[in-house]
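Residue numbers (my numbering): 1 to 552. Just so you know, even glycine gets a beta-carbon here, dropped at the ideal spot from N, CA and C. Small disclaimer: the values here were computed from a predicted structure and weren't measured. Step one of this worksheet: look at the structure below.
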């Protein structure tokens, strides 16, 4: 046997052997060997990165599948082989699990309420111990309902407390009234005639522009008058008629006597100074009695309103305006001012930001009132919750047969009234007629408040005013937060309709400065009673309205 190896590397190996014992021929065996041995495969970055991406995608999926496999295997105590079969046929099991969970939830939705778990941890513990899908669905439903119940109850209670807070008289305003009463007693100027005799003829002169306020709030009245005068193009043409109750007459008279406005005329009258007929007095008494019954009706249902749509009605009865005689007297404006022809009526919670002279020049087309409607394109584009159907009960035949529920409502706050045209109608009589019908119908014809019966009484008698002249609801959370700065700046009049009046602590600081800038902080009584302190504190905490919105 011989070996032969090539000289240049191991390319060939030859094994030769001679003849065997049997005389067989010799055999040569040759093996070709590669000149370069195969090296180990190296892993490059080009290969590793795609592999890592694939693994990163697949591993979470595999983890979830393995987790489902383990849970399913444990729940039925199956063998590994059976569990492994389910691992590869998991789609069917997932669909079955989904169907079982859906069926359990539907049964829970249709079934009676159960007692839910007190906490999420308790719910998980109970499910892991029993592993009953149907029980889990019922417990989950009950727990969610309990949470919803508590959340709704807390929200409604907070709303009630918020509205109750709006009924309080701030200590500073009470102090102001007391100081003005004392001033009226000791200061002859505070008792002087309003207006002075040389301006008395203006009170009934149709060539002047007459504005009416019905209020028992001295500070609020002073802001309305100050804002209207400061922003008027011709303040010397303005005549203010302020009507108040007997209790507020003295401080109201003292304020405007000692803080006279040189360019305008202000008249202050108390209701006790009117000599009305027995018929008018009886009508006012009936009106107040019916509204008091409405107030008692909803307050007696307070405990039953937690999950009822009547909750908002109940809140409406909490508003001070629902029981205020001054607000209900709007329907008697022709009786209050028998010598006037056309007036602009302003609520005491408004601020006049621009000249309003155009209101007296407005052609009402023979109608009694000019008002802003809650619509942005006429009578067919009402905002949410501002149609007749949102104020009147159209499930009652008396309402559904008489009115169109899709009509847009109009606003109080800034209104122009043609008193001559009003006197030629029976608006006041219609108002009282429907009040009595509502009483006979169990107070079910409309939601409580000032506007619903007024919508009925003034039906067909209201002319639309440009909606940009009035921005309202600044006393509501949604109004103060949602109305844009541009709209507020452009409005001729802004109205703090809602519980959060600007003179209350619950008012919204971001809009309160629009009102407080017209407060007479130089007056000795506002300083003595701390009104200046509370106003400045509010402004310091919030900054001005414009500054806040410029950063939004």
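- Here residue 396 carries a coil assignment [DSSP, helix/strand/coil].
- Counting along the chain, the unbroken beta strand (DSSP E) around residue 214 starts and ends at 209-214.
- In terms of Cβ geometry, residue 259 and residue 520 form a close pair [threshold 8 Å].
- By the CB criterion at 8 Å, residue 444 and residue 396 fall inside the cutoff.
- In the structure shown, the three-state DSSP call for residue 446 is strand.
- Under the DSSP assignment, residue 246 falls outside any beta strand (DSSP E), being part of the alpha helix (DSSP H) whose first and last residues are 246-258.
- Rounded to the nearest angstrom, the gap between the Cα atoms of residue 167 and residue 190 is 29 Å.
- Per the coordinates, the alpha-carbon of residue 285 lies some 55 Å from the alpha-carbon of residue 140.
- Boundaries for residue 389: no alpha helix (DSSP H) harbours it, and the DSSP string shows neither H nor E there.
- Going by beta carbons, residue 184 and residue 254 fall inside the 8 Å limit.
- Here residue 399 is buried. Its C-beta has 16 or more other C-beta atoms within 10 Å.
- For residue 343, the uninterrupted beta strand (DSSP E) segment begins and ends at 342-346.
- Contact check for residue 430 and residue 362: beta-carbon distance about 24 Å, past the 8 Å limit, so the pair fails to qualify.
- Straight through space, the alpha carbons of residue 266 and residue 225 are spaced by roughly 9 Å.
- Burial is judged here by how many other beta carbons sit within 10 angstroms of a residue's own beta carbon; residue 186 has fewer than 16 and is exposed.
- Judged by DSSP secondary structure, residue 512 falls within the alpha helix (DSSP H) whose first and last residues are 509-516.
- Of the residues 169, 418, 517, 500, the one whose Cα lies closest to the Cα of residue 160 is 500.
- Around the beta carbon of residue 482, fewer than 16 other beta carbons sit within 10 angstroms, so the residue counts as exposed.
- In terms of Cβ geometry, residue 494 and residue 350 form a close pair [threshold 8 Å].
- Per DSSP, the continuous beta strand (DSSP E) segment holding residue 462 begins and ends at 462-465.
- Scanning its chain for C-beta atoms nearer than 8 Å, with the 5 sequence neighbours on each side dropped, one finds around residue 454 the residues 330, 331, 412, 431, in chain order.
- Ranked by Cα distance from residue 345, the options 221, 288, 298 are led by 221.
- DSSP, reduced to helix, strand and coil, places residue 422 within a helical segment of the structure shown.
- In the three-state scheme derived from DSSP, where H, G and I count as helix and E and B as strand, residue 495 is classed as strand.
- In this structure, the alpha-carbon of residue 290 lies about 20 Å from that of residue 245.
- A distance of 8 Å or more separates the beta carbons of residue 213 and residue 531.
- In the three-state scheme derived from DSSP, where H, G and I count as helix and E and B as strand, residue 525 is classed as helix.
- Nearest neighbour of residue 207 by Cα position, chosen from 357, 188, 409, 144, turns out to be 357.
- Excluding the 5 residues flanking it on each side, residue 456 has same chain C-beta neighbours closer than 6 Å at 434, in chain order.
- Excluding five sequence positions before and after residue 272, the CB atoms of its chain that fall closer than 6 Å to its own CB belong to 246, given in chain order.
- Rounded to whole angstroms, the separation of the alpha carbons of residue 148 and residue 283 is 46 Å.
- By the C-beta density criterion, residue 448 is buried, having at least 16 other C-beta atoms within 10 angstroms.
- Short of 6 Å from the beta carbon of residue 518, and not among the five residues preceding or following it, lie these beta carbons of its own chain, in chain order: 223, 226, 227.
- Of the candidates 336, 364, 388, the residue whose Cα lies closest to the Cα of residue 374 is 388.
- Runs of beta strand (DSSP E) with 3 or more residues, each lying fully within the segment 152-229, are found at 209-214, listed in chain order.
- One alpha carbon belongs to residue 440, the other to residue 293, and they sit about 12 Å apart.
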